[in-house]
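Participant: The working numbering numbers the first residue of the sequence shown as 20 and each following residue consecutively.
A virtual CB, placed ideally from N, CA and C, is assigned to each residue, including glycine.
To start, I am sharing the structure in question, which I have written as structure tokens.
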Amino acid sequence: AGAHRQLIPKRAFRPGAQTSILALGTSAFGEVFNACSQEDVNAVVRLALDAGVNLIDTAYWYGHGRSEERLGVALRNVPRDSYMLFSKCCRYEAKVTEMFDFSAERTLRAVDESLARLGVEYLDCMQVHDPEYAASVDVIINETLPALQQAKDAGKIKMIGITGYPLAIHREILARSTVKIDTCLLYCHCSLNDATLLDSGFLDEAAAQGVAVVNASPISMGLLSRAGPPAWHPASAEIKQACKAAVAYCESHGFNISRLAMGFTLRQSRIPTTLVSTTDPELMKANLEVARSEGALSPAEEEAIVHLREAIFKPLENPTWEGAEVAQYHDLIHRTLAGETDVGTLSTN
Numbered sequence: 020a021g022a023h024r025q026l027i028p029k030r031a032f033r034p035g036a037q038t039s040i041l042a043l044g045t046s047a048f049g050e051v052f053n054a055c056s057q058e059d060v061n062a063v064v065r066l067a068l069d070a071g072v073n074l075i076d077t078a079y080w081y082g083h084g085r086s087e088e089r090l091g092v093a094l095r096n097v098p099r100d101s102y103m104l105f106s107k108c109c110r111y112e113a114k115v116t117e118m119f120d121f122s123a124e125r126t127l128r129a130v131d132e133s134l135a136r137l138g139v140e141y142l143d144c145m146q147v148h149d150p151e152y153a154a155s156v157d158v159i160i161n162e163t164l165p166a167l168q169q170a171k172d173a174g175k176i177k178m179i180g181i182t183g184y185p186l187a188i189h190r191e192i193l194a195r196s197t198v199k200i201d202t203c204l205l206y207c208h209c210s211l212n213d214a215t216l217l218d219s220g221f222l223d224e225a226a227a228q229g230v231a232v233v234n235a236s237p238i239s240m241g242l243l244s245r246a247g248p249p250a251w252h253p254a255s256a257e258i259k260q261a262c263k264a265a266v267a268y269c270e271s272h273g274f275n276i277s278r279l280a281m282g283f284t285l286r287q288s289r290i291p292t293t294l295v296s297t298t299d300p301e302l303m304k305a306n307l308e309v310a311r312s313e314g315a316l317s318p319a320e321e322e323a324i325v326h327l328r329e330a331i332f333k334p335l336e337n338p339t340w341e342g343a344e345v346a347q348y349h350d351l352i353h354r355t356l357a358g359e360t361d362v363g364t365l366s367t368n
């Protein structure tokens, strides 16, 4: 009983299925932001499930298996039909020459490995992780997706998805694939500083093709937070400066920018669900509170959102960093093949 027991709202996801408007991402479980314990993971998962969250997204890449393993432990005694479980394949090791493998053989193996780490008999969705890094989309069309169809036919996965930062990669794969794509996961494109997912026409295109959209990272991987983005964040200096100005404005006016960012994203009724990732139970509670009200904020907070959008973010020449990470990746590969050592890695979602 009481307001704290109210379940968060749901929206239509795909025929016959609804999803909670807030979903649980698990990159934080793999310590991509900071260190955490199994107890932290258990607490966050329990809070989410108790509030009605019914979609959980993970990947081998998050901690190179650690996120999946910890999530598997946290879900051990939870009825399997009470949540949808998404994972990802094709992005693997930190070493740049071993980071991506889009081959059919490796993809089939990845499905089995994820099932074993998570301790489940099937995944609701296995997603191609960041196909924009493939040498050519041809390998996705000819190897990765047919392998996932094979896993689907075998009952190991129920849906096939793609993830990726550039909208263009989603559009190209949807246009070319002979395999039915069920879901598209896009991140950092439905936030205070970048609403291209809402403005681009992509939502209509996906709906017309029967593709369910999953949104992620309403605080733009830390840009819209008091702590600021991690050192590896790929945004341009212009974007980082604008976000810093937005945080300063909120601090000086008594607002929590992450709460405003969550509210802005969760109220977008055309977005079925938005992933957030944290290992801090108090942060999870705050996220759930905004989700319960479907993103409704106070009149003063609403005014602050209008100010941030119009005065700080609208003037941005380019709200995205599309292409920056892929260029960095190819540079790292080139330097590694040229014999350089310790060239570093990409540390993004």
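Of the residues D361, K259, R289, which one's Cα is nearest the Cα of V232?
Facilitator: R289
Participant: For A129 and D149, what's the separation of their Cα atoms in angstroms?
Facilitator: 15 Å
Participant: DSSP on C207, reduced to helix/strand/coil?
Facilitator: Per DSSP, reduced to three states, the secondary structure at C207 is coil, with no helix or strand assignment.
Participant: In terms of DSSP beta bridges, what is V147 paired with?
Facilitator: C108, I181
Participant: By a C-beta neighbour count over all protein chains shown, 10 Å radius and 16 as the cutoff for buried, is D143 buried or exposed?
Facilitator: buried
Participant: In three-state terms, what does DSSP make of A31?
Facilitator: A31 carries a strand assignment under DSSP once its states are collapsed to helix, strand and coil.
Participant: For the region 188-248, list the beta strand (DSSP E) runs that are entirely contained and at least 3 residues long, ordered along the chain.
Facilitator: 202-206, 231-235
Participant: Buried or exposed: which applies to S155, given that a residue is buried once 16 or more other Cβ atoms fall within 10 Å of its Cβ?
Facilitator: exposed
Participant: Taking the alpha carbon of C203 as the point to measure from, which residue in V139, L217, T182 has its own alpha carbon closest?
Facilitator: The shortest C-alpha separation from C203 is found at T182.
Participant: Pull up the distance between the alpha-carbon of S133 and that of E87, whole angstroms please.
Facilitator: Roughly 7 Å between the two C-alpha positions.
Participant: So is K171 buried or exposed if we call it buried at 16+ other beta carbons inside 10 Å?
Facilitator: buried
Participant: Pull up the distance between the alpha-carbon of A31 and that of I40, whole angstroms please.
Facilitator: 9 Å
Participant: Taking 6 Å as the limit between beta carbons, can you name the residues of its chain near T215, skipping five residues before and five after?
Facilitator: A distance below 6 Å between beta-carbons, with the five flanking residues on each side excluded, links T215 to the following residues of its chain, in chain order: H208.
Participant: Under 8 Å Cβ to Cβ from K263, same chain only, skipping five residues before and after it: list those, please.
Facilitator: G247
Participant: According to DSSP, is G49 helix, strand or coil?
Facilitator: helix
Participant: Nearest by alpha-carbon distance to L243: which of E224, I276, C269, G220 is it?
Facilitator: I276
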